[in-house]
Amino acid sequence: MSGTTYNARQMIDKLISFDTTSRLSNMELIDFVRDYLAGWGIESLLVPNEDNSKANLYATIGDARQGGIVLSGHTDVVPVDGQNWSTDPFAVAEKDGKLFGRGTCDMKGFIAIALSRVPQLVAANGKTPIHFAFSYDEETGCTGVRSLISHMKQHLPLPRAVIVGEPTDMTVVNAHKGGYTFVTEVTGLEGHSSLAHKGVNAVMIAGEILSEINRIAADFRTRLDTSRRFDPPYSTVHAGLIQGGTALNIIPLNCKIIWELRALPGQGPDEILERIRKFADTLLPAMHAVDPGTGIITECTNAIPPLLPEDGSPVETLVLALAQQNDTYAVSYQTEAGLYQEIEIPTVICGPGSITQAHKPDEYVSLAQIAACETFMDRLVEHIAAN
Ligand SMILES: [Zn+2]
Numbered sequence: 043m044s045g046t047t048y049n050a051r052q053m054i055d056k057l058i059s060f061d062t063t064s065r066l067s068n069m070e071l072i073d074f075v076r077d078y079l080a081g082w083g084i085e086s087l088l089v090p091n092e093d094n095s096k097a098n099l100y101a102t103i104g105d106a107r108q109g110g111i112v113l114s115g116h117t118d119v120v121p122v123d124g125q126n127w128s129t130d131p132f133a134v135a136e137k138d139g140k141l142f143g144r145g146t147c148d149m150k151g152f153i154a155i156a157l158s159r160v161p162q163l164v165a166a167n168g169k170t171p172i173h174f175a176f177s178y179d180e181e182t183g184c185t186g187v188r189s190l191i192s193h194m195k196q197h198l199p200l201p202r203a204v205i206v207g208e209p210t211d212m213t214v215v216n217a218h219k220g221g222y223t224f225v226t227e228v229t230g231l232e233g234h235s236s237l238a239h240k241g242v243n244a245v246m247i248a249g250e251i252l253s254e255i256n257r258i259a260a261d262f263r264t265r266l267d268t269s270r271r272f273d274p275p276y277s278t279v280h281a282g283l284i285q286g287g288t289a290l291n292i293i294p295l296n297c298k299i300i301w302e303l304r305a306l307p308g309q310g311p312d313e314i315l316e317r318i319r320k321f322a323d324t325l326l327p328a329m330h331a332v333d334p335g336t337g338i339i340t341e342c343t344n345a346i347p348p349l350l351p352e353d354g355s356p357v358e359t360l361v362l363a364l365a366q367q368n369d370t371y372a373v374s375y376q377t378e379a380g381l382y383q384e385i386e387i388p389t390v391i392c393g394p395g396s397i398t399q400a401h402k403p404d405e406y407v408s409l410a411q412i413a414a415c416e417t418f419m420d421r422l423v424e425h426i427a428a429n
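The opening position of the sequence shown corresponds to residue 43 in the numbering used here, with each subsequent residue numbered one higher.
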């Protein structure tokens with residue numbers, strides 16, 4: 043069986059050319075990958091979203107009945123809206139030893155290099171299968187991959203390792219913080235602002251809640267991570283969005299705060315939810331005295347589990363060897379890695395490019411990082427061939 047060949051650079055060019063901003067469909071990219079793999083005799087499993095506008099792709103090179111190693115990446119990219127790009131974000135531009143384009147770093151570079159090695163992986167014909175797991179909607183809270191992971195858990199022999207190719211400068215990351223999204227909605231009572239005592243001002247109540255969020259953030263800053271591996275070495279809390287009110291002379295009926303906790307491993311959302319709800323309870327009597335229909339509701343709307351270090355696990359040892367690194371690191375951003383670990387597949391993160399170049403205008407990955415990742419993949423092919 044022989045299909046089309048692409049070197050790493052050609053495959054990067056191809057993948058960047060699909061505008062897979064999270065709000066758009068990723069199906070053109072998925073169809074391209076599926077056809078490319080089919081050319082090499084590899085079948086793809088698609089796990090689509092509800093309206094079939096997006097899909098995860100899972101494919102196996104080798105004997106699917108055996109465990110195997112997953113190369114995992116997300117196909118979506120963050121928007122370029124409002125960003126000042128020097129070049130077309132969806133056409134790779136090479137300059138000063140760097141490849142510029144949306145997703146070059148986060149994280150189509152890794153996916154492209156993995157795909158460019160398909161002919162070698164097929165030829166290696168090893169006992170250990172290599173799986174590709176390419177997801178959608180990672181950038182909107184790691185929501186897309188969840189259906190793929192539950193499919194894997196229910197229907198497939200579980201792989202023995204996952205390598206998530208998020209940008210780590212090709213170092214090996216074995217821990218990250220958990221991410222939790224909260225929405226607090228305050229319902230007040232509208233009225234003419236001259237009659238403040240007859241209404242309940244949702245914006246002003248939200249201000250009280252924000253103050254409590256600040257106090258929680260301050261408390262967490264004093265609870266230092268004993269491993270000292272994280273930057274910053276504590277859990278962080280912040281409000282990123284607030285919406286409320288109608289006009290200056292109307293007592294606001296609604297106010298919504300969207301806020302987050304980026305938690306050290308071991309800290310879940312429960313403590314903070316309980317604290318904010320208890321605080322809200324102290325505000326309610328005064329609100330209810332004016333109108334019993336007023337209220338404050340806080341929910342956790344998205345949870346991305348942390349990646350917990352599994353020091354000395356076989357995948358960690360293997361990936362350290364493939365990346366020719368001696369040490370592991372911890373990061374403060376979230377990835378799909380914690381979700382794979384939740385179904386008990388040992389998982390580490392290792393990919394080309396720096397997270398400091400992700401999500402920005404003129405996002406790039408250096409040619410040196412691409413070369414390092416190609417070497418990593420070539421060692422993986424050798425490992426597969428020998429095992
Ligand atoms: Zn990413």
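Here a beta-carbon is modelled for each residue, glycine too, at the ideal position from N, C-alpha and C.
Fair warning: this is a prediction, and the values are worked out from it, not measured in the lab.
Residue i and residue j closer than 7 Å at C-beta
i: G207; j: F152; result: yes
i: E433; j: T377; result: Outside the modelled stretch of the chain, which goes from 43 to 429, sits residue 433, for which no answer is possible.
i: I172; j: I103; result: yes
i: A363; j: F418; result: no
i: S64; j: T182; result: yes
i: K240; j: G249; result: no
i: V204; j: T389; result: yes
i: I412; j: G168; result: no
i: P209; j: D118; result: no
i: V75; j: L99; result: yes
i: L231; j: D353; result: no
i: F262; j: S374; result: no
i: V457; j: A259; result: A question about residue 457 goes unanswered here, because the residues of the chain that appear run from 43 up to 429.
i: P275; j: L283; result: no
i: A305; j: L349; result: no
i: E227; j: I339; result: yes
i: A328; j: P294; result: no
heavy atom of ligand 1 below 6 Å from residue i C-beta
i: E208; result: yes
i: M149; result: yes
Reduced DSSP secondary structure (H/G/I, E/B, other) of residue i
i: E405; result: coil
i: Y382; result: helix
i: L90; result: Contrary to the premise, residue 90 reads as Pro rather than Leu in this sequence. Residue state, collapsed to three classes: strand.
i: N98; result: strand
i: F372; result: In the sequence on display, residue 372 carries Ala and not Phe. Correct three-state label for A372: strand.
i: I284; result: strand
i: R304; result: strand
i: A414; result: helix
i: E316; result: helix
i: L231; result: strand
Residue of the options minimising C-alpha distance to residue i
i: Y406; options: Y48, T226, T46, D55; result: D55
i: I346; options: Q125, T185, A101; result: T185
i: S60; options: L71, A428, R51, A50; result: At residue 60 the sequence reads Phe, which differs from the Ser that was named. Nearest C-alpha to F60: L71.
i: L79; options: R421, V160, I292; result: V160
i: F176; options: K150, A259, A166; result: K150
i: D404; options: W127, N68, S67; result: W127
i: Q125; options: R421, K402, N429, L409; result: K402
i: A218; options: R188, C392, V423; result: Correcting the residue identity first, residue 218 is His in this sequence and not Ala. Closest option to H218, Cα to Cα, is C392.
i: D179; options: Y48, V89, S408; result: V89
i: G83; options: A101, A372, D312, P356; result: A101
Nearest-angstrom beta carbon gap, residue j and residue i [assumed within contact, 8 Å]
i: G337; j: R202; result: Incorrect: roughly 49 Å between the Cβ atoms, too far for contact.
i: C342; j: L381; result: Not quite, the Cβ-Cβ distance comes to about 16 Å (not below 8 Å), so this is no contact.
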